[in-house]
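Enquirer:
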Amino acid sequence: MIEFASTFIVSAIQILLMLLATPLVCGIIRKTKARLQNRRGATIFQPYLDLSKLMRKEVIIPSTSSWIFRITPYVVLASMLLIALLVPTIFAPVPFHWMGDIITIIYLFAAARFFLALGGLDAGSAFGGLGSSREMSIASIVEPAMMLAVFTTAVTAGSTDLSIIVNRLSTTQASIIHPSHVLAFAGLFIVTIAETGRLPVDNPGTHLELTMIHEAMILEYSGRYLAFLELASQMKLLIFLSLLANMFAPVGMAIDTAPLSLIVGVAAFILKVAILAIVVALVETANAKLRLFRVPELLMVAFVLSLLALILYSIIGS
Amino acid sequence: MFDTQTISLGIEILAATILVTTFLIVSSRSLMFYVRLFAIQSFLLGLVALLVAVGFGETHILIAAILTIVVKATVIPIALSKVIDKIKVRKEIDFTINITTSLLLCALLVILADSVARPILEAQRMSDLAVFKVLPMSIAVMMIGLFIMIARKQAVSQIIGLLTMENGVFLSGLSITYGMPLIVEVGIFFDIFVAVLILGVFVFRINQTFDTINVDTIRRLRH
Amino acid sequence: MSVVYFLVLLGIPVAGAIVCTLLRRRRWFEYVTVTSTGLTFLATLWLTSLVLQGATIMTPKGWFFLDALSVYLLVIVSGSTLVVALYSIGYLHRQIRNKKVDGSMLRLYYILLNAFLSTMMLVLVSNNLGFLWIGTEATTLATAFLVAFYERESSIEAAWKYVIICSVGIAFALFGIILTYFSALHVVSSADNALNWSTLIAVGKQLNPDILKLAFVFILVGFGTKAGLVPLHTWKPDAYSEAPAPISALMAAGLVNIALYALLRFYILVNKAVGGSFAPNLFIIFGLVSMGVAVPFILLQRDYKRLLAYSSVEHVGIIVFALGLGTPLAYFGALLHMLNNTLAKLVLFLTAGNIRIAYDSKIIRRVTGAIKVMPVSATLFILGVFAVTGWPPFGLFVSELSIVTAGFSAGNVFASVLFVGFVATVFVGFIYYATGMVFGEPSRHDKKGDGDTLSLVVIAVLVVFLLVLGTMIPTMIYNFIMRAAAVIQV
Amino acid sequence: MGYSLALPGFYFALLIGGFSFGAVVSLFFVRSNNANELTSQFVIRLGKNLGFGFSTLASLGGCALSLSVLLAGSPYQLEFGRTLPFGPLSINIDQLAAFFLAVISFLGIAVSIYSFGYTNEFVGRRNIAVFVFLYNVFLLSMALVVMAGNAILFLIVWEVMSVTTYFLIIYEHEDSSSRKAGILYIVMTHIGTALLLVMFITLAGFAHSFSFEAFRHVRTQIPPSVNTWIFLCALVGFGMKAGIVPLHIWLPEAHPAAPSNVSALMSGVMIKMGIYGMVRVFFDFLAPGPEWWGILVLFIAVASAVLGVLYALMEHDLKRLLAFHSIENIGIILMGIGAALLFSSFGSKTLAAVALLAGLYHVLNHAMFKGLLFLGAGSVVHATHTRNIDELGGLAKKLPWTMFFFLIGSAAISALPPLNGFISEWLTFQALLLGFDIPDLAVRLAVPVTVALLALTGALAAACFVKAFGVTFLGLPRSAHAEKAHESSFSMLFAMGILALACVAFGIAPGIMISLISRVTSSFFGESGSALSVLNVGTLTIPRGAGSGVSPLMLLSLLAGLIIAPIVVGFVLAGKIRTRTAMIWAGGLEKVEPRMQYTAAGFSKPIRMIFSNIFRATHEIEISEEMSAFYKPQIRYELKTESIFQKYLYAPVRQTTIAAAKIVRRIQTGHIQSYLAYIFITLILLLLFAR
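Protein chains in written order, with our numbering: chain A, 1 to 318; chain B, 1001 to 1223; chain C, 2001 to 2490; chain D, 3001 to 3691.
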């Protein structure tokens, strides 16, 4: 019973932490980018303000849409929250880890994307279709790339359970720097850029029909629905950054619930995510948006890198 | 009356003559001439049968001999010449295989016939049949009959070829078995006779419908 | 006593032919012919029961005899003739109504049909090989005018080719018989018996193998021409496609079996005398070549009756191949296949006849949507197509499977694989053309309707029979075929 | 388990009798095609409903039979028909057969119920009695295929199944494409059967019997070369039916041509008969073979999966699209089977068991969601009379229930958690990853590549179903057909409901089915519990290594909770949600026009560009000139993709065959002289031979 309660408490902490950290990461990236572009930029807390404003606004529902339009924000957000429960952030294993492994997580992302794309098509506008089409096309290469990158670590650890992977990698130091992991990391980084709609794949800052992907899909959303979708997409970024951070560098990860190790865990997590966020901002600043049909080439690089990683591991062995 | 040797000799000479008539058919162009040669050939065949019947005491062949002379040497040639008269085709003009080549090929066929007959002759070396040498000739006649059908294009020539084949078969029967049992022989005669009648009717029909009896022109049915 | 049996068997169709010559009214020809063929069929059934109970029936001089093999074919052939006679009634009526046939031709048709039956019976009951030959040649003569029945240019051409080619072949066969007789004369004391198959088979081992080999070559060419083995089959597509549908059916169902029967008798004899693999190898080669050469003609064909004719070539190949394998299962399969093929060919040729009348064309492409113009015939036709291409649950599947199984177990793996390949490829052609003919939208003027009820019922019964043979062969028939197969396995 | 053996006999009788009665009964109600009077319509309806009633009943019997066999653990056997010359025929329902029988029967129930309503539109237009006859025979033959305990019976019912399918494909035979599809199908399947025939006879040569029991007894006595021969025959022969690449070309033609209830059965279970055959031969009749068997199967599996889904993406015909997805899913199933073959050739029975289990579970799941999707497509076609999704759109409002069920089907086939498609793909991934335990270079190369392409397949499938579902049901109607659509009848919706429920149930509670299927795999590999365990109904774990698991039941409940949470939190933080319905911005026009929406072709264009090497797309744009420049010109855009298999495999084979046939055909010259010459030559050759 106590175990049960602690499971819930720990989970609640994790989800709250993620919820709170999510807009912040987004704010950090924006701020860094602004600084790099010699602008002052808005405060790093600006995303919180945006979300709270949107929460209070009226929702306009297109007359042409069906109930798919309305459930999409909830499904997407719920999927992200569910993933947030499964991804180890400050401690591993997370209480609910037995519920779903890395395959589940990737397919939960797919589920969210599936509904998001349907939501884009539902209104019947040209932009929605455009966004959905591009999103699904890009995802069709990104998703396998991600899976392979993660499998590289999974086979090292002998499990597809993310918490177990992280736990194992943090305890058995020897296998951390397997050459294949370098490739996998590179692959997963590109995947992160693509999945979270950053430059050079997508530009989260503009609404230009030539370049829009994610924004085009949610163009008809407004008010609280938009707030949920924005939150979900920001959370996706955070999840990816945590994956990158904890799978390849599980340094400082708490492996028990002792207060000290939890504090170390939190600190390590914030540090790693912040560094990654800045790297993302750097990449975004240093690159221009790619032409849409150049994007697949980049994604193919990710796919091939990840595949090579897995094959390399497979052949060299542990 | 005569001893077996003499009779055998007679049969051999007659058979050789039959082979000669066959070659003559191959070498000629006139349809009427074919029919006459066929009549002569059949008459000679009748004589062979007669010799066998009388000489070896195989009396049942007597009837076959008479039938040959009556039907093959008389009735059929007359009927065929009537047909030729009616349809007013006198000559073979173009050949599938020309006469010179035909003759050469027929010579080869005789050699082939000999080689076919040899095992039979060897197998029955102990036999007392005196007319064994006739077998190769009869096989040759048979083959040349078929050859005529291939080389010639007029429908009547094909009938002549077929009848020549039949003569060859009959000759072979006479030579090695002194003919089949009577009733079988009669049945065979009946069949051949009906066949010639039917073919004659068809020649008329072909002439009516196609205005020619050149079988080369009737090839609507293909594939 | 035994003479009576043969008198009855041969006498009924001859009497039928004679009575037909004396009559004037159209209806009477039909009654007489149906009666004569029906009685013949009943007589064969009666004789079959006698043969199956006791031993062989033979006339005193040994000219005629019946054993399990010959009564098996008697039943098949006389049954087919009865079916054809029943079908002819409606078919010719419609042809007369459509002004394709003159009413006065009816008498000739029925006379020749009776004559045809009697000649076929003669072959099947002959123990004397001379009579066997006479009968076979007579079948050609009886059918010559039937092939040319429509008196079109093409039908006369077909008939001419048919008679000439078959006569040439049969002349060689006569020579083969003479050679056999010759070798027998040295063994058998009485010259009268020397042509009797039963006598020959009894002394089989003493016959000179070299002469019999040679004889068999001539006989194979002779009766092979009649049966339609490639490359001696050339008359077949012409004659089958030009003859009236019931006659094509009877040629494919009756005549083919007659020729195969004649071949089979000599095959048994030669196997006994020569032994070894001489005759079997020839059969396997001829069988496979016949099947293989039929394939391209079936794949690319424009005339559906020719399509069926080539199918006949193929199936003769199958039967001959099976006989060549020489195992009990193969013999069983071959004999069963004779029955199955007969049934399937009857179904196909007779329904094709109905299609022919409705569409007034033999060209495959002109026939579309038969299922709408003539639902029953078209259904029976497509079922026949599946049956003839060896699909379960029809009988041909069982017989072909027996043959292939026998082929594999006899060690002829490559030949058997080829066999399977040919059968499968033939189906491609059949289904391609049959689908186009039976289904789709008919062109507007094709509204002549289906065949008469009597003939459709008869054909449907045949289809049901095929189904029965494909799923549960009745024990009686099974044992019958086993008895007949035992004759081959001397 | 003596008590349960009395019942299977009854269920078996129900199964056989039900289908047979159903088939025969309808034929008594044949009426002419254009029966318009009310009474005759009533009679026709009565006949057809009786027929479908019997088939429903028989399918229920089949379900009960298979469950009783699976639970009892002992096979149900029956011997009959000693009249054919190959020994007696027999029925032998073992675990594997029972599993496939369950799939057939379950889908049979749903589709039969669906047919009550679906076939109403045929009444008075077509010969429905024949349809009902064929339908019942089709189901019966499939049931008998899996139940056959003897090669002869197997071949007979296998071919009966093919014939009935052929007739069902060309049921609407006025359409020339239906006829072509039917011909293509039956020709391919017949060639496949020829190979199977050779295979069975080869096996029978060793076993001296055609019974499967005898095959099993000699499995270790067959020499390796013959084993390979049998393996290849089975792979191609059954692969033809399963629709593996490159033998798949009949499938996208045949499935759309048939009426939708039949398509559902064809795609849901008929192609699985090929899988059944493979499993039967590979694991039951053959001893474990060399590793290249498994690699070859994996290669085919990968090719089928990827190419299947890619071709599906290019399709705008709803039923063709689904048909291509069947190829894809056969590929996924074969991944499991290939991995099982591979593992078993290394002697890893437990791994092989998991892989086979993954494959078989996907068989079941694919039957459910593909059946559902085809029924949904049938409902759409029924309502709109078009299969072209570019003429559809906005059906969400017209066919709300169909849309809901189709959504579940789409989500399931896209492997979205927690539905059933996800579970079987998860299992397949796990099975493949287990292959890393095998220390062999070839395996270690084959496994990651398979994994990668399976992942690619899954992602592309999701993209394809966003397109299919989105363009069909969402947005605005693109044609008058779609505008006039109406919801289907209750029986159709009910049937779809059953299958949708199954998709959910097999997803959230995989434990039940997996414990049943593991009885099948353990019949081949012994106890397999060590590699996969079912913690409870809703949780699976792979205990190997450090362990990994999934609990779809928990996922679903948490997801539900997390959907509700934002609603509540939002309400607490910012009050009640305020909504307003309005027209979307139409780029300055008065209102949004359907033509402004993205089309299916547009949707899949990025993917077409990415995989342009495979598609070899060519397009034609034609702008009509005669229109005034100020008025909308007509633009025709035509897109063609080219099948590499058609071009480089089938077309050359066809042309070569025809060319060869034309050469042989020359022998029939028409000259009687040449015919006589043939006789002469034959004679001479034979005389030489006789020497």
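A virtual CB, placed ideally from N, CA and C, is assigned to each residue, including glycine.
When you compare the CB of tryptophan 3401(D) with every CB in chain A, is at least one pair closer than 8 Å?
Expert: no
Enquirer: Are the C-beta atoms of glutamate 3159(D) and some chain C residue less than 8 Å apart?
Expert: Yes, contact with chain C.
Enquirer: Unbroken alpha helix (DSSP H) runs of length 4 or more, entirely within the segment 3224 to 3267 of chain D: which are they?
Expert: Counting only runs of at least 4 residues, the segment 3224 to 3267 of chain D fully encloses the following alpha helix (DSSP H) elements, listed from N- to C-terminal order: 3224 to 3242, 3251 to 3257 and 3260 to 3265.
Enquirer: In or out: lysine 3467(D) buried (at least 16 other Cβ within 10 Å) or exposed?
Expert: buried
Enquirer: What span of residues does the beta strand (DSSP E) with glycine 252(A) cover, start to end?
Expert: Taken as a continuous stretch (DSSP letters only), glycine 252(A) belongs to no beta strand (DSSP E), as it is neither H nor E.
Enquirer: Just checking: is the beta-carbon of proline 3606(D) within a distance shorter than 8 Å of some beta-carbon in chain A?
Expert: Residue-level contact check: proline 3606(D) touches chain A, since one or more beta carbons of chain A fall below 8 Å from its beta carbon.
Enquirer: Between Leu2195(C), Asp2450(C) and Leu2023(C), which lies nearest to tyrosine 2359(C) when the distance is taken from Cα to Cα?
Expert: Asp2450(C)
Enquirer: Quick check: is the beta carbon of serine 3548(D) nearer than 8 Å to any beta carbon in chain A?
Expert: For serine 3548(D), the answer is yes, since a Cβ of chain A falls inside 8 Å of its Cβ.
Enquirer: Note down the Cα distance separating valine 2966(D) from glycine 3378(D), rounded to an integer number of angstroms.
Expert: Shown here, chain D extends from 3001 to 3691; a query on residue 2966(D) therefore has no answer.
Enquirer: In three-state DSSP terms, what is threonine 3599(D)?
Expert: coil
Enquirer: Could you tell me whether any Cβ in chain D is nearer than 8 Å to the Cβ of methionine 1126(B)?
Expert: Residue confidence is low: methionine 1126(B) scores 46 on pLDDT, short of 50, so the model does not pin down where it sits. Its coordinate-derived value is still stated next. With 8 Å as the cut-off, methionine 1126(B) does not count as an interface residue toward chain D.
Enquirer: Is it right to say isoleucine 3327(D) is buried, meaning 16 or more other beta carbons lie within 10 angstroms of its own, or is it exposed?
Expert: buried
Enquirer: Alpha carbon to alpha carbon, how far is methionine 1032(B) from isoleucine 1078(B)? Give it in angstroms, no decimals.
Expert: 10 Å
Enquirer: If we require 4 or more residues per run, which alpha helix (DSSP H) segments fall completely within the segment 3490 to 3574 of chain D?
Expert: 3490 to 3508, 3510 to 3525 and 3552 to 3574
Enquirer: Using a 10 Å radius around the Cβ and a threshold of 16 neighbouring Cβ atoms, would you call isoleucine 315(A) buried or exposed?
Expert: exposed
Enquirer: On the DSSP bridge list, what partners appear for methionine 2058(C)?
Expert: DSSP, once it has assigned bridges, lists Phe2065(C) as partnering methionine 2058(C).
Enquirer: Using DSSP's beta-bridge definition, name the partner residues of valine 59(A).
Expert: Thr3579(D)
Enquirer: Suppose only complete runs of 4+ residues qualify. What are the alpha helix (DSSP H) ranges in the segment 1107 to 1172 of chain B, listed by chain order?
Expert: 1134 to 1151
Enquirer: Of all Cβ atoms in chain C, is any one closer than 8 Å to the Cβ of glycine 3081(D)?
Expert: yes
Enquirer: So, helix, strand or coil for threonine 3164(D), using DSSP?
Expert: helix
Enquirer: Looking at the secondary structure, which residues open and close the beta strand (DSSP E) in which tyrosine 3076(D) lies?
Expert: Where tyrosine 3076(D) is concerned, the enclosing beta strand (DSSP E) stretches over 3076 to 3080.
Enquirer: Using the beta-carbon of each residue, which ones in chain D are nearer than 7 Å to arginine 134(A)?
Expert: Pro3606
Enquirer: So with CB distances below 8 Å, who are the chain B contacts of valine 2457(C)?
Expert: Ordered by position in chain B, no residue passes the 8 Å Cβ test against valine 2457(C), which lies about 34 Å from the chain.
Enquirer: Would you mind stating whether isoleucine 3271(D) and lysine 3319(D) have Cβ atoms separated by less than 8 Å?
Expert: no
Enquirer: Among the residues of its own chain, which have a CB less than 8 Å from the CB of valine 3198(D), if the five just before and after it don't count?
Expert: Cys3233
Enquirer: Hey, quick one: how far does the alpha helix (DSSP H) through isoleucine 3091(D) stretch, first residue to last?
Expert: Unbroken run through isoleucine 3091(D) is the beta strand (DSSP E), 3089 to 3093; no alpha helix (DSSP H).
Enquirer: Once DSSP output is grouped into helix, strand and coil, what is the label at methionine 3001(D)?
Expert: Confidence in methionine 3001(D) is poor, its pLDDT being 39 and thus under 50, which makes the residue's placement too unreliable to answer from.
Enquirer: At what residues does the alpha helix (DSSP H) containing asparagine 2114(C) begin and finish?
Expert: From DSSP, the alpha helix (DSSP H) with asparagine 2114(C) extends over 2105 to 2125.
Enquirer: Quick check on histidine 3619(D): does DSSP put it in helix, strand or coil?
Expert: strand
Enquirer: Assuming glycine 2421(C) is part of the alpha helix (DSSP H), what are its boundary residues?
Expert: 2413 to 2438
Enquirer: Helix, strand or coil: how does DSSP classify isoleucine 3222(D) here?
Expert: Note: isoleucine 3222(D) maps to coil in three-state DSSP.
Enquirer: Verify whether the separation of the beta carbon atoms of phenylalanine 2216(C) and valine 2270(C) is less than 8 Å.
Expert: yes
Enquirer: Could you name the residues of chain D that aspartate 1216(B) contacts, counting a contact when the two beta carbons are closer than 8 Å?
Expert: His3671 and Gln3673
Enquirer: Quick check: is the beta carbon of proline 2280(C) nearer than 8 Å to any beta carbon in chain D?
Expert: It does not: the Cβ of proline 2280(C) has no partner Cβ on chain D nearer than 8 Å.
Enquirer: Might you give, ordered along the chain, the residues of its own chain that have their beta carbon closer than 7 Å to the beta carbon of methionine 1126(B), omitting 5 neighbours on each side?
Expert: With a pLDDT of 46 at methionine 1126(B), under the threshold of 50, the predicted position of this residue should be treated as unreliable, and no value is reported.
Enquirer: Please report how far the alpha carbon of tyrosine 313(A) lies from the alpha carbon of threonine 156(A), in whole angstroms.
Expert: 8 Å
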